[in-house]
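Quick note, the sequences are listed as chains A and B, same order.
Take the first sequence: its position 73, counted from the start at 1, is 73 in the working numbering, and no numbers get skipped.
Add 122 to the 1-based position in the second sequence for the working numbering, that's all there is to it.
So the structure is just underneath, and the comments pick up after that.
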Amino acid sequence: MRRPLKRSNAPIFWGLFGAGGMLSALLGPVLVLITGLAVPLGLLFGSDAMSYQNMLAFAQNWLGKAFAFAVVSLFLWHAGHRIFHSLHDIGIHGGPLAKLVCYGGALLGTLVAAFSLLSIGF
Amino acid sequence: MNKRRPYVRPMTGWWRKNPFFIEYMIHEGTALFVAAYALVLLAGLVCLAQGEAAWNGWLGALRHPLAILFHLVTLAMLSYHSWTWFKIMPKTMPPVVLGGRRLPAAAITGGGLAAVALASIAALGLVWGMTR
Numbered sequence: 001m002r003r004p005l006k007r008s009n010a011p012i013f014w015g016l017f018g019a020g021g022m023l024s025a026l027l028g029p030v031l032v033l034i035t036g037l038a039v040p041l042g043l044l045f046g047s048d049a050m051s052y053q054n055m056l057a058f059a060q061n062w063l064g065k066a067f068a069f070a071v072v073s074l075f076l077w078h079a080g081h082r083i084f085h086s087l088h089d090i091g092i093h094g095g096p097l098a099k100l101v102c103y104g105g106a107l108l109g110t111l112v113a114a115f116s117l118l119s120i121g122f
Numbered sequence: 123m124n125k126r127r128p129y130v131r132p133m134t135g136w137w138r139k140n141p142f143f144i145e146y147m148i149h150e151g152t153a154l155f156v157a158a159y160a161l162v163l164l165a166g167l168v169c170l171a172q173g174e175a176a177w178n179g180w181l182g183a184l185r186h187p188l189a190i191l192f193h194l195v196t197l198a199m200l201s202y203h204s205w206t207w208f209k210i211m212p213k214t215m216p217p218v219v220l221g222g223r224r225l226p227a228a229a230i231t232g233g234g235l236a237a238v239a240l241a242s243i244a245a246l247g248l249v250w251g252m253t254r
């Protein structure tokens, strides 16, 4: 008797991994340079480059909102997927708990990012 | 009767014996830094939503010497992620055939790294222009 194949959910997670990997490969280093080094050290840009008014305006703009959401959530989905698959290599044979922590963590971060960005308003 | 106890070859530290696997573990390990940086930004978003005082607290935390050190290491690890992402790309994407010839691996890697350079310059220019 033929049974219909159960559709795998792997392509969804792999797709998010790939999208996050691509975004972090293209923009990760320059973002760290800007937000983590140049602005806190007062180099390159003015020291108020990330002032409350500037960043509020950025996060209220729909494009800025979408960009911030994509960066935070896709970076988390990328990292969660990669860490989940690397657990095996360090001797942790991932079961449902490992999956829950890795993908659940990414989902939680995505929801917190969405909630924060929506509460900032438009 | 005793339960059988088959010999299982120990696997601890397997990757430390071969430079290829050491490199593999480092490039997989970049994910920890991608996650950590995303959490730093997420904390920033939460603070931004809470108001000016919380936001200034987050900005002040970024100026702490340990935060600077963290971002220096993260910059190195994310740059390494960019490099390995495009180095491996010829093997992870379906073959691209142009004019009957398969696009060489070096062109895919080179194109990717050129895109990183362009995106970085564009991002720096955009932020520079917006904060004038």
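All residues carry an ideal CB built from backbone N, CA and C; glycine is no exception.
Item checked: leucine 44 of chain A and tryptophan 250 of chain B closer than 9 Å at C-beta -> Inclusion of leucine 44 of chain A and tryptophan 250 of chain B in the CB contact set at 9 Å is warranted, their separation being smaller than that value.
Notebook entry, point to check: Any beta-carbon of chain B closer than 9 Å to the one on proline 29 of chain A?
Noted result: For proline 29 of chain A, the answer is yes, since a Cβ of chain B falls inside 9 Å of its Cβ.
Note to self: On a Cα-Cα basis, can you pick out the residue from B/Trp207, B/Leu248, B/Gly222, B/Thr214 that is closest to alanine 236 of chain B?
What the structure shows: B/Trp207
Note to self: Please list, in chain order, the residues of the segment 145–156 of chain B that have any C-beta partner in chain A closer than 9 Å.
What the structure shows: Tyr146, Met147, Glu150, Gly151, Thr152, Ala153, Leu154, Phe155, Val156
Notebook entry, point to check: When we look at the beta-carbon of proline 226 of chain B and count the other beta-carbons within 10 Å, is it buried (16 or more) or exposed?
Noted result: exposed
Next item on the list: Run down chain A in chain order and give the residues with a C-beta less than 8 Å from the C-beta of isoleucine 190 of chain B.
Entry: Gly36, Leu37, Pro40, Leu41
Notebook entry, point to check: Which whole runs of the beta strand (DSSP E) in the segment 29–72 of chain A are 3 residues long or more, in chain order?
Noted result: Complete beta strand (DSSP E) runs here, min 3: none at all.
Notebook entry, point to check: Which residue comes first and which comes last in the alpha helix (DSSP H) that contains methionine 70 of chain B?
Noted result: What is shown of chain B runs 123 to 254, which leaves residue 70 of chain B out entirely.
Note to self: Please tell me whether valine 218 of chain B and isoleucine 210 of chain B are closer than 9 Å, where the distance is taken between their beta carbons.
What the structure shows: No.
Note to self: Am I right that leucine 170 of chain B and alanine 106 of chain A are in contact with their C-beta atoms under 8 Å? What's the rounded C-beta distance?
What the structure shows: Contact doesn't hold; Cβ gap of about 21 Å is too wide.
Checklist line | Cβ-Cβ distance between alanine 241 of chain B and leucine 76 of chain A below 9 Å | finding: If you check the CB distance, alanine 241 of chain B and leucine 76 of chain A do not come in under 9 Å.
Item checked: Residue-level contact to chain B via CB, isoleucine 12 of chain A, 9 Å cutoff -> no
Check: Are the segment 15–26 of chain A and the segment 171–190 of chain B touching, with three or more C-beta to C-beta distances below 8 Å?
Finding: Counting C-beta pairs with one atom in each stretch, the segment 15–26 of chain A and the segment 171–190 of chain B have fewer than three that are closer than 8 Å, which means they do not touch.
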